[in-house]
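Q:
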Amino acid sequence: MTARIIKKNYRTIYTILLSAFISISVYSQNKNIEVTGTIYDEAKNTIPFVSVGIVKKYLGTASTEDGEFAFFITKEELQDTLSVSSLGYETFKIKVQDYLNQESKEIVLIETITELDEVTLLKASDYVINALKTLKDNTLSKPHQIEMLYRSATTEGDQPKLLVENYIKVKDRGPAFYFGEVQVTECRKSADYRIWKPKTRWHPIHVVAHVNPVRPNDSGHSRNIKKFSWKKTGDSSYEGEDVVILEGSNPKKKWEKITLYIGVDTYKIYRIERGHTLFIYKNYGNGKLVLSYYNHDWHLSKDRIPKEYWNTPAINTHFKAEAFVYRVITDKKKIKIVPYGIDLDAASIDLPYNKEFWKNLSVPPDTKFYKSIKSGLESVYGVPLEKQYELVNN
29 MTARIIKKNY
39 RTIYTILLSA
49 FISISVYSQN
59 KNIEVTGTIY
69 DEAKNTIPFV
79 SVGIVKKYLG
89 TASTEDGEFA
99 FFITKEELQD
109 TLSVSSLGYE
119 TFKIKVQDYL
129 NQESKEIVLI
139 ETITELDEVT
149 LLKASDYVIN
159 ALKTLKDNTL
169 SKPHQIEMLY
179 RSATTEGDQP
189 KLLVENYIKV
199 KDRGPAFYFG
209 EVQVTECRKS
219 ADYRIWKPKT
229 RWHPIHVVAH
239 VNPVRPNDSG
249 HSRNIKKFSW
259 KKTGDSSYEG
269 EDVVILEGSN
279 PKKKWEKITL
289 YIGVDTYKIY
299 RIERGHTLFI
309 YKNYGNGKLV
319 LSYYNHDWHL
329 SKDRIPKEYW
339 NTPAINTHFK
349 AEAFVYRVIT
359 DKKKIKIVPY
369 GIDLDAASID
379 LPYNKEFWKN
389 LSVPPDTKFY
399 KSIKSGLESV
409 YGVPLEKQYE
419 LVNN
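Position one of the sequence shown corresponds to residue 29 (this note's numbering), numbered consecutively onward.
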């Protein structure tokens with residue numbers, strides 16, 4: 029009887045150890061590998077907002093203003109090609125494993141010289157019209173899921189008062205359509221030192237779609253940029269294609285100006301600048317464009333602030349945001365979004381603080397936006413931001 033019990037216990041222990049070994053093996057096989065680096069031009073100046081990633085697998089990120097980047101891959105991507113693309117430079121490509129084997133993690137891009145023949149160019153407005161006509165064909169317009177790190181901050185009197193970081197999934201069909209379902213899956217926020225604490229009806233991710241001048245508005249109506257006055261202000265290139273830089277002025281709102289970077293041959297819109305808002309797009313997979321990076325700085329006008337706050341720093345309130353797109357999923361079977369958060373103020377989202385998620389997320393190197401907000405919040409409280417996350421979110 030004792031022998032049977034011992035034999036049974038051995039079997040149990042063996043089963044547990046075997047299961048643990050299998051789990052460890054699977055974990056090791058799927059363990060994330062971080063790809064990091066800094067991007068320079070030939071004069072050793074860093075290049076901002078460069079698209080970096082594995083094109084065919086919709087993995088990647090954008091470099092910061094200081095040319096730095098970071099994102100995760102698995103062993104499955106080691107034999108794939110790392111592609112580095114930026115307006116005005118030749119595309120750099122290297123096998124991921126070869127890049128990781130290099131001692132130096134610096135990438136130098138070679139500038140392309142563009143001299144467009146003015147005689148063969150179309151009228152500036154024609155490029156805009158053609159770009160809008162081909163927007164659906166030039167962008168990933170089939171239903172897909174994009175995943176991004178979205179940061180939103182509030183400053184009052186130029187002093188940072190709140191930072192919210194979300195990991196967000198969006199069901200999208202590209203800029204030819206408005207956003208689909210949105211799910212905030214992870215959230216953490218700093219201490220809230222705002223004098224005025226308004227609650228909005230929408231999550232600020234809504235603004236990413238709303239302020240994009242080439243997307244239809246939330247009612248499905250097209251924008252009026254065809255009626256802008258357009259002029260050519262420069263030229264560039266992107267992945268071997270000549271790019272024309274166009275500036276548009278709204279005839280009804282003199283303050284409103286938009287700059288578009290449009291491919292001369294394909295009419296792809298690679299970059300959009302609208303006031304203090306920036307959109308960067310990059311080629312993925314089958315050559316279709318998807319969003320890579322976004323930032324925004326919105327100064328709240330006085331008429332939107334209650335009078336009782338006019339004599340406080342809240343009168344100078346800014347809403348700032350930036351987003352890095354990490355991943356795009358095109359397989360319908362893998363698109364999984366449970367709508368949550370789009371109709372909530374970012375500071376009001378009530379999700380458990382998942383410390384392990386944030387610890388294992390390949391956050392981008394600190395951007396100028398993040399550095400200024402972080403240092404400001406830490407100086408206000410005298411408490412490190414990571415400690416604020418732990419205290420506030422628990």
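No residue lacks a Cβ here, since even glycine has one placed at the ideal position from N, Cα and C.
Can you grab the Cα-Cα spacing for the pair Gly88 / Val80, in whole Å?
A: 6 Å
Q: Give the DSSP-derived three-state secondary structure of Ala351 in the structure shown.
A: strand
Q: I'd like to know whether the C-beta atoms of Ile61 and Ile122 end up nearer to each other than 7 Å.
A: no
Q: Round the Cβ separation of Thr142 and Glu118 to the nearest angstrom and send it over; I've been treating them as touching at under 8 Å.
A: Contact doesn't hold; Cβ gap of about 12 Å is too wide.
Q: Go ahead and pull the three-state DSSP assignment for Arg229.
A: coil
Q: Could you please give the first and the last residue of the uninterrupted beta strand (DSSP E) stretch that includes Gly303?
A: Neither: Gly303 is in no beta strand (DSSP E) and is coded neither H nor E.
Q: Given Thr74, which residues of its chain have a CB within under 7 Å of its CB, disregarding the five upstream and five downstream residues?
A: Thr66, Ile67, Tyr68, Asp94 and Gly95
Q: Quick one: what's got a C-beta closer than 6 Å to Thr287's C-beta in the same chain, skipping five residues either side?
A: Glu275 and Glu301
Q: Mind checking Leu405: buried by the 16 CB within 10 Å criterion, or exposed?
A: buried
Q: CA-CA distance, Thr294 and Lys151?
A: 15 Å
Q: Helix, strand or coil for Glu131 per DSSP?
A: coil
Q: On the three-state DSSP scale, how would you describe Asp126?
A: helix
Q: Is there at least one non-hydrogen atom of the ligand ADP closer than 6 Å to the beta-carbon of Glu70?
A: With respect to small molecules bound, the structure shown includes none, and the ligand ADP cannot be examined in it.
Q: Report the residue from Arg216, Glu134 and Val242 whose alpha carbon sits nearest the alpha carbon of Thr162.
A: Val242
Q: Which value, in whole angstroms, describes the spacing of the CA atoms of Ile343 and Ala219?
A: 20 Å
Q: DSSP beta-bridge partners for Gly276?
A: Trp258 and Ile286
Q: Just reading off the alpha helix (DSSP H) that Trp386 is part of, what are its end residues?
A: Lys383 to Asn388
Q: Between Gly236 and Tyr322, which are expected to be in contact by the criterion C-beta below 8 Å, what is the C-beta distance as a whole number of angstroms?
A: Here the sequence assigns Val to residue 236, which means Gly is not the residue at that position. Indeed, because the Cβ distance is near 6 Å, the residues count as touching under 8 Å.
Q: Taking the alpha helix (DSSP H) that Gln428 belongs to, which residues open and close that run?
A: The displayed coordinates of the chain run from 29 to 422. Any statement about residue 428 would go beyond what the structure contains.
Q: Tell me which same chain residues have a C-beta within less than 6 Å of the C-beta of Asp373, skipping the five on either side of it?
A: Lys227 and Thr228
Q: Apply the 10 Å Cβ neighbour rule to Trp6 and answer buried if 16 or more other Cβ atoms are within range, or exposed otherwise.
A: The requested residue 6 does not occur in the structure, where the chain is confined to residues 29 to 422.
Q: Quick check: the region 186-203 against the region 157-173, are at least 3 beta-carbon pairs closer than 8 Å?
A: yes
Q: Just the Cα atoms here: how many angstroms apart are Phe352 and Phe97?
A: 11 Å
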